[in-house]
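Undergrad: Protein chains in written order, with my numbering: chain V, 1 to 114; chain F, 1001 to 1229.
I have a structure I would like to understand better, so I am pasting it below and will then ask my questions one at a time.
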Amino acid sequence: AAIPAPNASCKNLCHPHQLFINFRDLGWHKWIIAPRGFMANYCHGHCPFSMTTALNSSNYAFMQALMHVVDPTIPQAVCIPTKLSPISMLYQDNDDNVILRHYEDMVVDECGCG
Amino acid sequence: FQFQEHVFLQFLGLDKMPSPQKFQPVPHIMKKIFQDREAAATTGVSQDLCFVKELGVRGNILRLLPDQGFFLYSNNLPKDSSCLQKLLYFNLSAVKDTEQLTMALLGLDLGPNTYYNLGPELELALCLVQEPHVWSRSIPKPGKMFVLQSVPWPQGILYFNLLDVAKVWNNNPQKNLGLFLEILVKGDRDPGVNFQLEATCARLSRLHASLLVVTLNPEQCHSSSRRRR
């Protein structure tokens, strides 16, 4: 059977959205020296079956989307980060030590259906 | 939200939310490493986050530990040939058991490099404190001396490799009784230069010490051979 065309417009498809995390909003500016915040981004959007190959999807997402068509009780593939990058943080702990650490997987660079 | 924040703070390696009264100064080398990593991230250059190329050592956590010791006497009239005596103490409890020490660099900031204040040549001695009960403010009995260095004035920051000492302290915290620092006036004292000498010793009372510690957490850093394969 033909797969119905997705209801979602292109702008509703899975893709990264800008999200700036400002440490002041969390009250963390009191102990984080730098940065003041960072562009973390997030993934959001639909993962329709017809677009699974175009939306940087995993093979598993393709199979899940296919099964969703067959059995709608199986949820659709979801929009998730597929490429993340680290940030460095300079902060002060409770012993007045100045610490520089690098944290992996803090910034969403790319999204896909998974 | 509070609970999840606590979980995230643990992920950051913190037991609870820090609440420093004021920010400590960040040394130039930490600023540079931070800025280099930020620039690489912005341009998309791949980085080995477990190697500190600026220091030439493996590691993924850098800590600047402030000196928690105290002056034994200073800025008064120097006694004999001694210009300054200080107990240096660094609390390494923040270093977790899972971390491996790869660098421990003691920095002694003797003040700005200035040629205005040419004073007498000094000698710097560093000894391990080996007897307990040093917190009674009595002068600790110095143990084994491991640094004796001539300090021609003027000087900025002097660095000393304390990796072996810091490893002992980290493995046996009870052995961390601190370091005894003494700055002496080199050679015979000329009564004519007393004024200059007093000024020099008074300036040294603003001495600032810190310990830069680099550690590697193997849980977050696979070995290089594994990464290559």
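The beta-carbon is built from N, C-alpha and C at its ideal position, and this holds for glycine as well.
#1: Helix, strand or coil, according to DSSP, for residue 1054 of chain F in the structure here?
#2: On the three-pair Cβ rule with 8 Å, is the segment 1021-1028 of chain F touching the segment 1039-1058 of chain F?
#3: Please list the residues of the segment 1036-1064 of chain F that have a C-beta atom closer than 7 Å to any C-beta atom in chain V, keeping them in chain order.
#4: Say whether chain V places a C-beta atom closer than 8 Å to the C-beta of residue 1171 of chain F.
#5: Whether or not the segment 1078-1092 of chain F and the segment 1029-1045 of chain F are in contact is what I'm after, with contact meaning three or more pairs of Cβ atoms, one per stretch, closer than 8 Å; do they touch?
#6: Just to check my reading of the structure: residue 16 of chain V and residue 43 of chain V have Cβ atoms closer than 8 Å, yes? What is that Cβ distance to the nearest angstrom?
#7: Quick check: residue 81 of chain V and residue 98 of chain V, are their CB atoms within less than 8 Å of each other?
#8: Return no unless some Cβ of chain F is closer than 8 Å to the Cβ of residue 18 of chain V.
#9: Going straight from the alpha carbon of residue 1186 of chain F to that of residue 1197 of chain F, what length do you get?
#10: Residue 34 of chain V versus chain F: which residues are under 7 Å apart at the beta carbon?
#11: Could you check the C-alpha separation between residue 1203 of chain F and residue 1031 of chain F for me, to the nearest Å?
#12: Any chance the segment 1086-1096 of chain F sits against the segment 1145-1153 of chain F, with 3 or more Cβ pairs inside 8 Å?
#13: Bridge partners for residue 1066 of chain F per DSSP, in chain order?
#14: In angstroms, rounded to a whole number, what distance separates the CA positions of residue 1034 of chain F and residue 69 of chain V?
#15: Ends of the alpha helix (DSSP H) at residue 1042 of chain F?
#16: Tell me whether the beta-carbon of residue 63 of chain V lies closer than 8 Å to the beta-carbon of residue 74 of chain V.
#17: Any idea what DSSP makes of residue 36 of chain V, helix, strand or coil?
#18: Could you tell me which of F:1086, F:1105, F:1169, F:1208 sits nearest to residue 1184 of chain F, measuring between CA atoms?
#19: I need the DSSP call for residue 1182 of chain F, collapsed to helix, strand or coil.
#20: Just verifying my parser: in three-state terms, what is the DSSP assignment at residue 1005 of chain F?
#21: Check for me: the alpha helix (DSSP H) holding residue 1097 of chain F runs from which residue to which?
TA: The relevant details are as follows:
#1: As a position in the second sequence, residue 1054 of chain F is number 54, starting the count at 1. Residue state, collapsed to three classes: coil.
#2: no
#3: 1037, 1038, 1041, 1049, 1060, 1061, 1062, 1063, 1064
#4: Residue numbering aside, residue 1171 of chain F sits at position 171 when the second sequence is read from its first letter. So no, residue 1171 of chain F is outside the interface.
#5: no
#6: The count along the first sequence starts at 1 and reaches residue 16 of chain V at position 16. The count along the first sequence starts at 1 and reaches residue 43 of chain V at position 43. 6 Å between Cβ atoms; contact.
#7: Here residue 81 of chain V refers to the residue found at position 81 when the first sequence is read from its first residue. Here residue 98 of chain V refers to the residue found at position 98 when the first sequence is read from its first residue. No, they are not a contact pair.
#8: Here residue 18 of chain V is taken as the residue at index 18 of the first sequence, counted from 1. So, not an interface residue.
#9: Looking up residue 1186 of chain F in the second sequence gives position 186. Looking up residue 1197 of chain F in the second sequence gives position 197. So the alpha carbons of these two residues sit roughly 11 Å apart.
#10: Start at 1 with the first residue of the first sequence, and residue 34 of chain V comes out as number 34. Residues of chain F passing the Cβ test: 1034.
#11: If you number the second sequence from 1, residue 1203 of chain F lands on position 203. If you number the second sequence from 1, residue 1031 of chain F lands on position 31. Between residue 1203 of chain F and residue 1031 of chain F, the C-alpha separation is close to 27 Å.
#12: no
#13: Here the question's residue 1066 of chain F lines up with position 66 in the second sequence. Residue 1066 of chain F is bridged to F:1210.
#14: Counting from 1 along the second sequence, the entry for residue 1034 of chain F is found at position 34. Counting from 1 along the first sequence, the entry for residue 69 of chain V is found at position 69. Approximately 49 Å between the Cα atoms of the pair.
#15: Translated into the one-based positions of the second sequence, residue 1042 of chain F becomes position 42. Start and end: 1028-1043.
#16: On the first sequence, residue 63 of chain V is found 63 positions in, with the first residue counted as 1. On the first sequence, residue 74 of chain V is found 74 positions in, with the first residue counted as 1. In this structure, residue 74 of chain V does not lie closer than 8 Å to residue 63 of chain V by Cβ.
#17: On the first sequence, position 36 is the one that residue 36 of chain V refers to. DSSP places residue 36 of chain V in coil when its eight states are reduced to three.
#18: Translated into the one-based positions of the second sequence, residue 1184 of chain F becomes position 184. The residue with the shortest Cα to Cα distance from residue 1184 of chain F is F:1086.
#19: Locating residue 1182 of chain F in the second sequence gives position 182, counting from the first residue. Here residue 1182 of chain F sits in strand by DSSP.
#20: Numbered from its first residue, the second sequence carries residue 1005 of chain F at position 5. Looking at residue 1005 of chain F - three-state DSSP - the assignment turns out to be helix.
#21: On the second sequence, position 97 is the one that residue 1097 of chain F refers to. No alpha helix (DSSP H) contains residue 1097 of chain F, which DSSP labels as neither H nor E.
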